[in-house]
Structures are given as structure tokens and as C-alpha cells.
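J.:
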Amino acid sequence: LEPFADDAAFREQFAAVKAANKRELHTVLHARDGFEIADDHLLDVMVKRLHEYKRQMLKLLHVVTQYEGVVSGRIAASSLQPRTVIFGAKAAPGYAMAKRIIHLINAVGAVVNTDQRLDGRLRVVFPPNYNVTLAERVIPAADLSEQISLAGKEASGTGNMKFALNGALTIGTDDGANVEIRELVGDENFFLFGMSEPEVEALSARGYRPSDVYQADAGLRRAIDLIASGAFSRGDRSVFEPVVSNLLYEDRFMVLADYAAYISTQERVDAAYADREGWTRSAILNVARTGFFSSDRSIRDYIDRIWHTPPV
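Under the working numbering, the first residue of the sequence shown is numbered 609, with each subsequent residue one higher.
Rendered as C-alpha cells:
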């Protein structure tokens with residue numbers, strides 16, 4: 609498959625399949641939940657169990673940063689790369705902070721999706737009850753796979769493999785199976801950001817103070833202040849105060865420490881997606897080079913290394 613990445617006709621066909629997958633996802637989500645998925649939007653997907661170490665809050669801070677930039681007048685809506693962000697997650701029944709984050713994601717979406725100042729160029733979608741059936745539609749349609757856990761916290765993960773095999777480029781930390789994906793697809797076809805595991809350990813040993821990061825970064829400060837102001841809770845500042853306080857005074861998984869690197873790397877994503885031919889080429893190479901993760905290869909290894917029996 610890899611040689612076809614340089615074949616313009618094949619790239620056109622590949623892009624057409626991705627667009628068709630987006631239209632199919634739109635049909636499903638619109639009928640089910642009333643959500644819109646636009647063909648020309650970068651489809652940015654983060655679907656996984658809701659846990660603080662997986663850092664859905666980092667993704668949400670990127671959304672809020674873009675939104676705040678437009679509504680404050682500092683950037684024009686027309687300068688935004690059209691993007692639809694899909695979150696899919698469930699939280700453990702007793703995990704209060706995870707449930708608050710789900711509430712905040714939905715609250716941000718309710719505001720962002722109806723604010724005319726954005727001209728429809730940024731959308732947030734959180735389909736309820738994300739499951740395997742919906743994953744079968746979401747994963748083939750995705751352009752960008754969010755694998756942004758704090759380095760050293762993800763044992764492996766397989767969702768990132770599914771996305772890469774289906775032609776989504778990964779933005780991720782040097783964590784879990786991201787390491788193997790990046791080695792296979794090449795640095796130029798992977799958006800790496802954030803601290804390494806030794807850097808995380810060193811920061812922790814020095815004494816991490818998230819409030820210092822907040823004070824030092826104007827963009828981060830504006831995003832958190834907007835959440836704290838009640839902009840996404842009908843003016844009630846108390847609703848998301850526990851989330852804000854957690855970020856400023858605890859932040860166990862160093863969301864704020866990796867914020868600047870993440871925002872900068874998302875700007876690289878926007879620039880790369882603007883070159884659709886180049887993006888499609890990278891997507892094809894992701895598919896071509898991640899066959900190592902296929903179940904066929906895995907079973908073959910079991911046969912050769914463990915079972916020592918001929919395949920049936």
C-alpha cells in the first residue's frame with residue numbers, strides 16, 4: 609500500500625472514502641442525537657474511558673482557547689481551521705470529578721455550537737452512550753486521533769491502533785502504544801508533544817505548582833478564567849469551581865504543564881490539514897505502516913512463538 613501514497617489518483621480515492629465515512633457518521637449521529645458532521649471539517653476525535661490521566665481536560669482547554677480567541681475579538685472566526693471535536697466517554701459510577709468533566713464538555717458544546725460568532729467553524733459533539741456500534745462509524749471517519757495521556761500513565765491502549773489503521777493521524781504524548789505507532793509511521797506522520805516520562809518525574813520531584821503555570825501563560829489563564837466566570841454555566845460560577853480548583857491547585861496529571869506544547873502542536877495540525885494532499889499522503893502511510901497491529905499478525909505470532917502449530 610505504501611507506494612500508493614505518492615499516487616495522486618489513489619489519494620483522491622482515499623480522500624473520497626474518508627469523506628463518505630464522514631457523511632455516514634453524520635447520518636447516524638443526526639438521526640440519533642441531532643448532531644451535525646460537516647464534510648469540510650477536520651474531525652478531531654477523543655473517545656476513551658473518562659479518567660483524569662487520559663486528560664480530556666487538555667483537549668477541552670484547546671476548544672475553550674479557540675472559542676475565547678474568537679469571542680474576545682483577538683482572532684477572526686475565519687482564521688480557524690473548521691473542526692468538529694468528538695468526545696466519547698463514560699465515567700465510573702463513583703468518580704465525581706470525571707462526571708464533572710463530562711458535564712463541562714457538554715456545557716462547552718452547548719455554548720460553542722450555538723454561538724453565531726464562530727460561524728459554525730468549531731463544534732463539540734458528545735454522543736451519549738458511546739459504544740462499539742458507534743465506534744464502527746466514528747473511527748473510520750476520524751482525521752485526528754487524540755492520544756494525550758500524561759507520559760508514563762498509559763500501559764498500552766488499543767484505540768490508538770484502531771485509529772491509525774483507519775487513516776487517522778495521531779496527536780499524542782510519548783506514552784503507551786503511541787511509542788510504537790510513532791516508530792512505525794515516522795515522526796513526520798505523527799504529532800508528538802509534551803513531556804517525556806523522565807521529564808514528568810523530574811517536574812514532580814522539583815515540586816509541581818500548576819498555579820504558577822497558570823499565572824505565566826496568558827492563553828491558559830484566559831481559557832480557565834472563562835470557565836471560572838460561569839460562561840458555560842449560565843453565569844453560575846459555582847458549577848465548575850471544583851474542576852477549576854482541581855486544575856489550579858492539584859492537577860495530578862499535569863494538564864497545565866503540557867498545555868502550551870499541546871496548543872502549539874494543534875497549530876501544526878491546522879497547518880498540516882490545510883495541505884489536504886499532504887495530509888492524505890500521511891494518512892495512507894499510517895494505514896500502510898501499522899499492519900503490525902493487525903489481529904492477523906498477532907495470531908500468526910501466537911502460532912509461531914507459543915502454540916507451535918500450523919494455522920487452520
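For every residue, glycine included, the Cβ atom is placed at its ideal position computed from N, Cα and C.
From a predicted model like this one, the values you see are computed outputs, not experimental measurements.
Skipping 5 residues on each side, what residues in its chain have a beta carbon closer than 7 Å to that of Ala699?
T.: Leu658, Ala706, Lys707 and Ile710, listed in sequence order.
J.: By a C-beta neighbour count over all protein chains shown, 10 Å radius and 16 as the cutoff for buried, is Trp887 buried or exposed?
T.: So Trp887 ends up on the buried side.
J.: Hey, could you find the ends of the alpha helix (DSSP H) Val821 is sitting in?
T.: Its alpha helix (DSSP H) spans residues Pro818 to Ala824.
J.: Tell me the rounded alpha-carbon separation between His670 and Tyr867.
T.: Cα to Cα, His670 sits roughly 8 Å from Tyr867.
J.: Can you tell me whether Arg663 is buried or exposed, with buried defined as 16 or more other CB within 10 angstroms of its CB?
T.: Counting Cβ neighbours within 10 Å, Arg663 comes out buried, since at least 16 surround it.
J.: Suppose contacts are defined by Cβ-Cβ distances below 7 Å. Is Leu666 in contact with Val821 by that definition?
T.: Going by C-beta atoms, Leu666 is not nearer than 7 Å to Val821.
J.: Does the beta-carbon of Tyr857 have 16 or more other beta-carbons within 10 angstroms, so that it is buried, or is it exposed?
T.: It is exposed - the Cβ of Tyr857 has fewer than 16 other Cβ atoms within 10 Å.
J.: Who are the Cβ neighbours of Ser890 in its own chain at under 7 Å, not counting the five residues just before and after it?
T.: Answer for Ser890: Leu777 and Asn797, listed in chain order.
J.: Have a look at Leu650, Glu660 and Arg682 and flag the residue whose alpha-carbon is nearest the alpha-carbon of Ala826.
T.: Minimum Cα distance to Ala826 is reached at Arg682.
J.: Would you say the beta carbon of Ala697 comes nearer than 6 Å to a heavy atom of the ligand SAH?
T.: By its list of ligands, the structure shown contains no ligand whatsoever, and the ligand SAH lies outside what it can speak to.
J.: For the region 826-839 against the region 724-736, do three or more pairs of beta-carbon atoms, one drawn from each stretch, fall closer than 8 Å, so that the two count as touching?
T.: Taking 8 Å as the limit for Cβ pairs, the verdict is that the region 724-736 does not touch the region 826-839.
J.: Whole-angstrom Cβ separation of Gly775 and Val895, contact assumed at under 8 Å?
T.: The pair is a contact, with the Cβ atoms about 5 Å apart (cut-off 8 Å).
J.: Hey, Ala763 and Gly784 are a contact pair by Cβ (cut 8 Å); roughly how many whole angstroms apart?
T.: That belief holds up - the Cβ atoms of Ala763 and Gly784 are roughly 6 Å apart, short of 8 Å.
J.: Looking only at its own chain, which residues have a Cβ that is under 7 Å from the Cβ of Asn721, when we skip the five neighbours before and after it?
T.: So the qualifying residues of the chain are Arg731 and Val732.
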